[in-house]
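Undergrad:
Here's what the structure looks like:
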């Protein structure tokens, strides 16, 4: 296999000149240092060099670039902040990385239709701020929201902590402008609360991971901002009791905005990082948030506290102020950063199961971690059955990395057996391309490939993502003597 | 053009025998009388004879039928109760009608995961009844819910009166089993609250109008049943004031469960039909329903009543009992039946606009009705901007029908100009196939055709629907001397 890190010369100079003339020389990058910056994303273990990086100013330039790329069969990898966790924006077949961050105009908040329209380069948290300033609400809140872009959120169908009550990015995207591989500009959906004019291409593009089109404008649905919010923590000296509490809350027909789970191992590293006084002898904690009218929040939180206690929580504490609530949520949000400090390599997965199977899945992860003698911390969106088993390891230790691979493969199989899926919110990308057939089967795989071809007959859109080139096994990228990274398919 | 009503002989006898052996002779129909029953649906003006009607017992039989149909290039039109309003289940190219009503097992209500799983033949209202009996809630409530099947609801992405707050069918379909044209059984989605494993084929199938696959099992998301509900009516002697009230309510960040609009002409026929004492000198009425906790409902309804009054409602009345509320909602639900009594032919459209443009759209419909000298009553889901301008006419009066065509064409153009769509909840089918490009443009049309081909390379799935064979104009079916119906494309 080629050593991707040394790549960067497979696009002819004349084509580079053509591309440079589209965006202007300041927005065309092809020096080794600049290319290196775009050779990786937030996902550990994956890296590959692009041939050029283009930073277009708007849809017209994107369309012009796509025409050149399609004609010359050059891969196109569009990206924002690169915060994805599936290797989704690593240019594994080289080609052009499209940095979409200049398309960052916040075009409109429509308070009558409850929509917001903006470019893909807008930061997620800036959407929150802008709409909350006028009493509106955009619920999806992925962990990376302070740096992630909305284009990336749409491409990956980002989730977050409010998924249980409010759903994910897909549930809020009403309209898109996107450029197809041939350079045609597509406009789908809009501001209509109901619209059944043809196939729902809008929802199909959400979560398509840059493999179908380049998103150039987004129209999102907004909700009224809830009047009140309360945060509660419950600690357990029994992991199963915590999982059972989650089931009891839902079965009691209460849908909290947030229902997060941290196991003891995660609590320990979070406490070390955030110093908020977590009781480190406890086996698990739940962080529960409810929003709505003040009356409703009071009612729900009282009932939830009762359920926590009746399921054996050793302590149930309601945040007394908004600040205290925010600091608890921030502690949860810091879990990944905190874990990342412990060992050189942090591999975060997001196997997901129907929420009733949460306890069984948590058990399975523990068993598998022991079997392969690995340190796996588990936290995540318990209310969604969306767990983040996180392995603290070191990519230089090839023997351990091999065990990590085997452990995650078992975790994916366990999730599927429990009616779950290989990825709840991180996407398939490269990291899980070898496992997609576990979830969708050969009929689903074949159909998805045909859908891909319908959009992208020459296969230039983010090649190597979602669909694995070879068979099932995970692609491992290993450090070798030349100081760069190779790919090896285990078969 | 062929006279479809006389059709029924284009499938060879040997193939018919093969099909009969799959379902058994009791579930294979091909006598003229039986075929006639499946030659039309709830949409006026469209009729065509199938070659055979098959009533399969389950997914295996559906798969076997599809293999035969695909091999022999026989059109497949799957249907439930045929309540659609876009000619969606008229077998316009003959072939096989698949009556899916035997797949009507209600398989499960999962109270921990808040899902229900059932066959496509289950009646919508039976889903409501079953889940409400255990305190759960399936919001979509199309007008035809007492007879429509869930398979049809999924195929058309049915809407209803609770769309404003709760969304449409698409928002509740989590998993599907479907048979592809080649007979492969596809399983997509499931019970996971979050799932980004590959393209969202589940949402793509919802609203695909039987043109991509035959749905054989449905898993739907449920919500907790709201504790309380209240219904209110407000009467206006000014149509614009009613529309402005809708905007004011949303801008005040209140999202009622239901926000329906009836114009004076509709009120008159509804009163004649339902005798509930509507004030017939009023120009418009709103029916508003809110659900949630008792406290929240009280709060919201008080604020809504204030807004109605401040916008000039002459009377605002809150239903004193659940029965009174239900009778008001029933009156609204009876609108179509009531209108259908007035003249021989009732043509109901569902042009939809962003809700802030509701008043402008209502005005446009009035202007267009006057211009073409037609009786058009308008009612609909005001909160969704989803109007049902309904023309009372007589299909035997060809001159008037021609004016109806022209008027609806202008209505579609007006909706598009206001940022709207040609169909909010009824689907494209045959009735709006000639107008789809107004909404999605040539790029969208071409892409949708390629998606169709990806699923159905031989074009056997509900041919003649969504995509018009010829150019833009509406297809009019006229009665002629032979007592059957022909199609004429106006170009």
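Residue numbers (UniProt numbering), protein chains in the order written: chain A, 1 to 491; chain B, 1 to 491.
Where is the CB? At the ideal position from N, CA and C, for every residue including glycine.
1. Can you give me the C-alpha to C-alpha distance between residue 431 of chain B and residue 421 of chain B, rounded to a whole angstrom?
2. Would you say residue 372 of chain A reaches chain B, if we count a Cβ-Cβ gap shorter than 8 Å as a contact?
3. Looking only at its own chain, which residues have a Cβ that is under 8 Å from the Cβ of residue 68 of chain A, when we skip the five neighbours before and after it?
4. On the criterion of 16 or more Cβ atoms from any shown chain inside 10 Å, does residue 463 of chain B qualify as buried, or is it exposed?
5. Quick one: Cα of residue 243 of chain B to Cα of residue 165 of chain B, how far?
6. For residue 322 of chain B, collect the residues of the same chain with a Cβ closer than 8 Å to its Cβ; drop the 5 residues on either side in sequence, then sort them by chain order.
7. Scan the segment 129-176 of chain A and note each continuous alpha helix (DSSP H) run of 4 residues or more that stays entirely inside, going in chain order.
8. Mind checking the segment 31-62 of chain A against chain B and listing, in chain order, the residues whose C-beta falls within less than 8 Å of any C-beta there?
9. I need the boundaries of the beta strand (DSSP E) containing residue 317 of chain B, first residue and last residue.
10. Taking residue 408 of chain A as the reference, which of A:235, A:378 and A:147 has the closest Cα?
11. Tell me the DSSP secondary structure of residue 89 of chain A in three-state form.
12. Do residue 426 of chain B and residue 85 of chain B have their C-beta atoms within less than 8 Å of each other?
13. The alpha helix (DSSP H) spanning residue 292 of chain A covers which residue range?
14. What residue range is occupied by the uninterrupted alpha helix (DSSP H) comprising residue 451 of chain A?
15. Any beta carbon from chain A within less than 8 Å of residue 13 of chain B's own beta carbon?
16. Would residue 296 of chain B count as contacting chain A if we go by Cβ distances under 8 Å?
17. List the residues of chain B whose Cβ lies closer than 9 Å to the Cβ of residue 181 of chain A, in chain order.
18. Identify whether residue 42 of chain B lies in helix, strand or coil by the three-state DSSP scheme.
19. Count the CB pairs spanning the segment 307-326 of chain B and the segment 391-409 of chain B that are closer than 8 Å, and state whether there are at least three.
20. Could you please give the first and the last residue of the uninterrupted beta strand (DSSP E) stretch that includes residue 365 of chain A?
21. Which residue's Cα is closest to the Cα of residue 194 of chain B: A:354, A:438, A:126 and A:266?
22. Between residue 315 of chain A and chain B, is there a C-beta pair that is closer than 8 Å?
23. Measure from the C-beta of residue 263 of chain A to each C-beta in chain B and report whether the shortest distance is under 8 Å.
24. May I ask you to report which of helix, strand or coil DSSP gives residue 3 of chain B?
25. So with Cβ pairs under 8 Å, would you call residue 97 of chain B a contact of chain A?
26. Between the segment 248-263 of chain A and the segment 281-292 of chain A, do three or more beta carbon pairs fall short of 8 Å?
27. Please return the same chain residues whose Cβ sits closer than 6 Å to the Cβ of residue 223 of chain A, not counting the five positions on each side in sequence.
28. May I ask which residues mark the beginning and end of the beta strand (DSSP E) holding residue 388 of chain B?
29. In this structure, how does DSSP classify residue 11 of chain A when only helix, strand and coil are distinguished?
30. Within the chosen definition, does the segment 344-354 of chain A reach the segment 304-319 of chain A through at least 3 CB pairs nearer than 8 Å?
31. Report all residues from its chain with a CB closer than 6 Å to the CB of residue 175 of chain B; omit the five preceding and five following residues, and keep chain order.
32. Could you give the residue range of the beta strand (DSSP E) that holds residue 53 of chain B?
33. Using a Cβ-Cβ distance under 8 Å, would residue 251 of chain B count as near chain A?
34. Name, in chain order, the residues that DSSP records as bridge partners for residue 377 of chain B.
35. For the segment 193-204 of chain B, enumerate the residues whose C-beta is nearer than 8 Å to any C-beta of chain A, in chain order.
36. Distance, Cα to Cα, residue 145 of chain B vs residue 41 of chain A?
TA: Based on what the coordinates show:
1. The residue given as residue 431 of chain B occupies position 431 in the second chain. The residue given as residue 421 of chain B occupies position 421 in the second chain. Roughly 14 Å between the two C-alpha positions.
2. Residue 372 of chain A sits at position 372 when you count from the first residue of the first chain. No - not a single Cβ of chain B is within 8 Å of the one on residue 372 of chain A.
3. The residue given as residue 68 of chain A occupies position 68 in the first chain. Cβ neighbours of residue 68 of chain A beyond the five flanking positions: 15, 18, 19, 22 and 74.
4. Numbered from 1 along the second chain, position 463 holds the residue referred to as residue 463 of chain B. By the neighbour-count criterion, in which 16 or more other beta carbons inside 10 Å mark a residue as buried, residue 463 of chain B falls on the buried side.
5. Translated into positions along the second chain, residue 243 of chain B becomes position 243. Translated into positions along the second chain, residue 165 of chain B becomes position 165. Going from the Cα of residue 243 of chain B to the Cα of residue 165 of chain B covers about 18 Å.
6. Reading the second chain from its first residue, position 322 is the one you call residue 322 of chain B. Only 229 meet the Cβ criterion.
7. As far as the segment 129-176 of chain A is concerned, its whole alpha helix (DSSP H) runs of at least 4 residues are 150-156 and 163-166.
8. Residues: none.
9. Start at 1 with the first residue of the second chain, and residue 317 of chain B comes out as number 317. For residue 317 of chain B, the uninterrupted beta strand (DSSP E) run begins and ends at 315-318, by DSSP.
10. Residue mapping note: residue 408 of chain A aligns to position 408 of the first chain, counting from 1. Across the set A:235, A:378 and A:147, the C-alpha of A:378 shows the shortest separation from the C-alpha of residue 408 of chain A.
11. The sequence position of residue 89 of chain A within the first chain is 89, counting from 1. In this structure, residue 89 of chain A counts as coil in the three-state DSSP scheme.
12. To locate residue 426 of chain B, count along the second chain from 1; it is residue 426. To locate residue 85 of chain B, count along the second chain from 1; it is residue 85. Contact flag set, yes.
13. As a first step, residue 292 of chain A must be located in the first chain, where it is residue number 292. Here residue 292 of chain A belongs to no alpha helix (DSSP H); instead the beta strand (DSSP E) covers 284-292.
14. Sequence index remark: in the first chain, residue 451 of chain A carries index 451 (1-based). Element bounds for residue 451 of chain A: 436-455.
15. Your numbering for residue 13 of chain B matches position 13 in the second chain. So no, residue 13 of chain B is outside the interface.
16. On the second chain, residue 296 of chain B is found 296 positions in, with the first residue counted as 1. Output row for residue 296 of chain B: interface = yes.
17. For this step, residue 181 of chain A is matched to residue 181 along the first chain. Correct list: empty, because the minimum Cβ distance to chain B is about 11 Å.
18. Taking the first residue of the second chain as 1, we reach residue 42 of chain B at position 42. DSSP places residue 42 of chain B in the coil class of the three-state scheme, outside both helix and strand.
19. Segment contact: the segment 307-326 of chain B against the segment 391-409 of chain B, fewer than three CB-CB distances shorter than 8 Å; contact not assigned.
20. In the first chain, the residue the question calls residue 365 of chain A occupies position 365. It is not in any beta strand (DSSP E) - residue 365 of chain A instead sits in the alpha helix (DSSP H) that spans 358-371.
21. For this step, residue 194 of chain B is matched to residue 194 along the second chain. Residue nearest to residue 194 of chain B within the set A:354, A:438, A:126 and A:266 is A:354 (criterion: CA-CA distance).
22. As a first step, residue 315 of chain A must be located in the first chain, where it is residue number 315. So no, residue 315 of chain A is outside the interface.
23. In the first chain, counting from the first residue as 1, residue 263 of chain A sits at position 263. Not closer than 8 Å to any Cβ of chain B, the Cβ of residue 263 of chain A fails to qualify, so no.
24. Translated into the one-based positions of the second chain, residue 3 of chain B becomes position 3. Per-residue confidence for residue 3 of chain B stands at a pLDDT of 36, beneath the threshold of 50, marking its modelled position as unreliable; the derived number appears in the next sentence. Residue 3 of chain B: coil per DSSP, three-state reduction.
25. Looking up residue 97 of chain B in the second chain gives position 97. False, the Cβ-Cβ gap to chain A never drops below 8 Å.
26. The segment 248-263 of chain A vs the segment 281-292 of chain A: in contact.
27. As a working mapping, residue 223 of chain A is identified with position 223 in the first chain. Residues 137 of the same chain have their beta carbon placed closer than 6 Å to that of residue 223 of chain A, with the five preceding and five following residues left out of the count.
28. Indexing the second chain from 1 puts residue 388 of chain B at position 388. 386-393 is the extent of the beta strand (DSSP E) around residue 388 of chain B.
29. Here the question's residue 11 of chain A lines up with position 11 in the first chain. DSSP, reduced to helix, strand and coil, places residue 11 of chain A outside both helices and strands of the structure shown, so it counts as coil.
30. The segment 344-354 of chain A is not in contact with the segment 304-319 of chain A.
31. The sequence position of residue 175 of chain B within the second chain is 175, counting from 1. Short of 6 Å from the beta carbon of residue 175 of chain B, and not among the five residues preceding or following it, lie these beta carbons of its own chain, in chain order: 189, 190 and 219.
32. Here the question's residue 53 of chain B lines up with position 53 in the second chain. Taken as a continuous stretch (DSSP letters only), the beta strand (DSSP E) holding residue 53 of chain B covers 52-54.
33. By 1-based counting over the second chain, the position of residue 251 of chain B is 251. With 8 Å as the cut-off, residue 251 of chain B counts as an interface residue toward chain A.
34. By 1-based counting over the second chain, the position of residue 377 of chain B is 377. Residue 377 of chain B pairs with B:390.
35. So the list reads 193, 194, 195, 196, 197, 198, 199, 200, 201, 203 and 204, given in the order they occur along the chain.
36. One-based indexing of the second chain puts residue 145 of chain B at position 145. One-based indexing of the first chain puts residue 41 of chain A at position 41. Answer to the nearest angstrom: the Cα atoms are 49 Å apart.
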